[in-house]
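Taking full-length UniProt numbering, the leading residue of the sequence shown gets 1, the next gets one more, and so forth.
Beta carbons: idealized from backbone N, C-alpha and C, even for Gly.
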Amino acid sequence: MFGLAHALFADTRFVISAAALGGLFIGSFLNVLIYRLPLMLEAAYAYPHEQESLGAGQLPSTPVAPLTLATPRSHCPACKRPVRPAENIPVLSYLFLRGRCAGCQARIPLRYPLIELGSALLAAGAAWHFGLTLQLAGALLLLWALTALFFIDLDHQILPDCLTLPLLWLGLLFNSFAAFVPLREAVWGAVAGYAALWSIFWIFRLFTGKDGMGYGDFKLLAALGAWLGWAPLLPVIVLASTGAAVVGLWQMRLRDVGREQTIAFGPYLAVAGAVALFGEMGRWTGNLMLI
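Next comes the structure, spelled out in structure tokens:
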């Protein structure tokens with residue numbers, strides 16, 4: 001029995017397939033997290049303010065069933081019909097239902113199966129790149145967290161502390177075993193990541209009187225520094241800034257969006273962080289310092 005298990009886990013193809021399969025189901029959970037977490041944070045913020053605004057003897061309008069990641073059950077937002085277990089199989093259920101609710105035939109967003117597929121592909125890529133190692137466990141956590149942050153910031157322009165701060169501490173925890181970089185580099189990476197964007201924020205504000213980004217961006221780059229060390233941070237900032245600039249110019253040119261339109265920076269940091277994880281961007285910084 002143990003010999004069979006050892007043989008399976010020693011087989012790279014099995015590890016990649018298992019990671020991809022797990023990634024599909026994690027992707028399904030990420031869809032729930034991306035949709036519900038911002039609503040939960042909004043409700044948590046609004047409830048105390050509602051209490052403050054009420055007069056004496058008035059009761060706040062608390063929801064009968066508070067929204068959590070587990071409750072209520074997943075349901076169609078159009079007809080409120082609960083999603084049955086057989087209709088909740090990643091990707092396959094979407095194909096079987098032809099992208100429509102089994103009850104009211106409302107369209108199911110294509111983004112749901114795409115996130116599930118993307119999660120599986122990232123997991124398979126990490127398994128191929130790192131093998132069955134401590135690095136693989138860390139890479140999966142980092143990539144799935146970046147996926148959630150990408151879409152939450154894209155939809156709501158927020159990077160929740162309840163995701164970015166645990167991500168930072170997890171990076172330090174993994175690197176206490178030198179999973180990606182020595183712990184000393186991870187600590188300085190977290191400090192440098194926060195300080196870099198904090199400095200850019202205040203320089204931009206000093207010259208323009210406007211906020212160029214949010215504090216969540218500082219924390220996300222600090223988390224990337226905690227995972228990857230300080231060396232890849234400059235390429236990450238350059239890649240993310242270039243991506244944001246290109247998309248911003250495209251929006252102004254083709255979609256008639258004004259210069260005052262805000263662009264979420266978190267998605268670009270998330271993509272650049274994933275590229276840095278696979279691409280060993282730290283070498284770029286070292287080469288630049290030698291020029």
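Local conformation of residue i per DSSP, three classes
i, result
"Arg107", "strand"
"Arg253", "helix"
"Pro82", "strand"
"Arg13", "helix"
"Arg73", "coil"
Proximity winner among the options, relative to residue i (alpha-carbon distances)
i, options, result
"Gly212", "Leu41, Leu173, Thr262", "Thr262"
"Phe25", "Leu183, Val271, Val91, Val15", "Val91"
"Leu69", "Thr133, Ala102, Phe96, Asn31", "Asn31"
"Leu39", "Leu165, Asp155, Gly214", "Asp155"
"Trp227", "Gly118, Val187, Ile34", "Val187"
"Ala137", "Thr147, Phe150, Ala123, Ala78", "Ala123"
"Phe130", "Gly248, Val15, Ala264, Phe265", "Val15"
"Arg81", "Ala102, Ser119, Thr12, Trp128", "Ala102"
"Pro109", "Phe218, Tyr35, Tyr268, Ala46", "Tyr35"
Alpha-carbon spacing of residue i relative to residue j, whole angstroms
i, j, result
"Ala222", "Trp202", "17 Å"
"Trp250", "Trp144", "28 Å"
"Leu140", "Val275", "14 Å"
"Gln135", "Ala179", "6 Å"
"Phe204", "Arg84", "50 Å"
"Val271", "Trp230", "17 Å"
"Arg111", "Leu159", "20 Å"
"Asp153", "Leu239", "18 Å"
"Phe96", "Ser17", "22 Å"
"Leu142", "Thr208", "34 Å"
"Pro235", "Leu41", "32 Å"
"Leu172", "Ala192", "14 Å"
"Pro63", "Ala43", "Because the pLDDT of Pro63 is 48, which lies under 50, any placement of that residue in the model is unreliable, and the question is left without a value."
"Ala20", "Ile89", "14 Å"
"Pro267", "Gly273", "10 Å"
Start and end residues, alpha helix (DSSP H) containing residue i
i, result
"Arg184", "183-208"
"Gly171", "161-175"
"Ser93", "92-96"
"His156", "134-156"
"Phe278", "266-279"
"Leu67", "Looking at the DSSP string, Leu67 is not in any alpha helix (DSSP H), and its letter there is neither H nor E."
"Gly212", "Per DSSP, Gly212 belongs to no alpha helix (DSSP H) and is neither H nor E."
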